[in-house]
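Presented below is the structure to which this report refers.
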Amino acid sequence: MKLTVLGKWSPYPPAGGACPGYLVEADGVRILLDCGSGVVANLHRSATAFDLDAVVLTHLHPDHFTDIYPLRNELAFGRLPNPPAAPLPLFAPAGAGGYLAACLPKAESRQEFTSGFTFYTLEDGAGTVRGVRLRFALTVHPMPCHAVQVAAGGRRLVYSGDSGPCEALDRLAAGCDLFLCESTLMEADAHLAGPLGHLTGTMAGATARRADVKRLLLTHFFTPRYALQETHGAAAKEFANVAVAEEGLAYEV
Ligand SMILES: [Zn+2]
Ligand SMILES: [Zn+2]
């Protein structure tokens, strides 16, 4: 299994960066986890929308879904004069189809948008994409958000989505090979973890330690004032095998 980081910033991308998006490839299957601003452009460094077998949107905060519109446009128009691609499986919170389509001005546009996807709800707790197994667990966040486990070929990747400290996240991540975990907050803001539903580097490291994962990769950095070294150092005090996600890099799971 391979994980390529397409975007790691929130709530807006810096120059040349992107909001959350991660391409997972396993057994010839490609799954996009989240689709924030700038993700489609970065996807094009190694693949196209037509190469995807499924998309997972962990929740409906804009930094995690706004590039779903250009992705849909590529599927509709990217191979003209050929017809649009077949509907793409989209795992998302219940009601996501109506929510995502609501900003489009005409009923016809809304129908066109939703017809491009086959919707599955994260609340079902699990799914499969051509033999690759997905599991979802509700995290601690101001709106419903699910962490995602991807399992194939005896390997497991777990992506936290957005979350404060969360027992369900600990259980989903237990023993996984690679734990991609948000670490949005600076250490001085640890008291905000519960109310905002985010983690510090220390908390991400402690989650990895409790879950006894093999490797920790930190992501979802707060763009306006981020000190990646501070977060990495704080996480490393809790869990030694940790790195900061790099956009464009691929990681073996
Ligand atoms: Zn969020
Ligand atoms: Zn976020």
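First residue of the sequence shown: 1221, per the working numbering; consecutive thereafter. A virtual CB, placed ideally from N, CA and C, is assigned to each residue, including glycine.
Tell me which residue opens and which closes the beta strand (DSSP E) that residue i is part of.
i	result
H1366	1366-1372
R1250	1249-1253
A1357	1352-1358
A1463	1462-1464
L1226	1222-1227
V1378	1375-1379
L1474	With the chain represented from 1221 up to 1473, any question about residue 1474 goes unanswered, as that position is not in the structure.
CB residue i to CB residue j, shorter than 8 Å?
i	j	result
M1221	G1373	yes
L1377	L1223	yes
I1251	A1269	no
S1383	E1407	no
R1299	F1333	no
V1249	V1349	yes
V1259	E1466	no
D1283	P1325	no
Run the proximity test for residue i: is its beta-carbon closer than 7 Å to any non-hydrogen atom belonging to ligand 1?
i	result
C1365	yes
Please confirm whether any heavy atom of ligand 2 lies closer than 7 Å to the CB of residue i.
i	result
P1415	no
D1287	no
D1271	no
P1240	yes
Name the two residues that bound the continuous alpha helix (DSSP H) containing residue i.
i	result
F1402	Looking at the sequence shown, residue 1402 is not Phe but Glu. Taken as a continuous stretch (DSSP letters only), E1402 belongs to no alpha helix (DSSP H), being part of the beta strand (DSSP E) at 1398-1402.
T1268	Counting along the chain, T1268 falls outside any alpha helix (DSSP H), and DSSP gives it neither H nor E.
A1456	1448-1458
L1389	1387-1393
R1330	1327-1335
V1259	1259-1263
Enumerate, from N- to C-terminal direction, the unbroken alpha helix (DSSP H) stretches of 4 or more residues contained entirely within the stretch 1286-1316. 1288-1297
Contiguous alpha helix (DSSP H) assignments of at least 4 residues, all confined to the stretch 1419-1450: 1421-1431
Closer than 5 Å to ligand 1: residues, by C-beta to nearest heavy atom, in chain order: H1281, D1382
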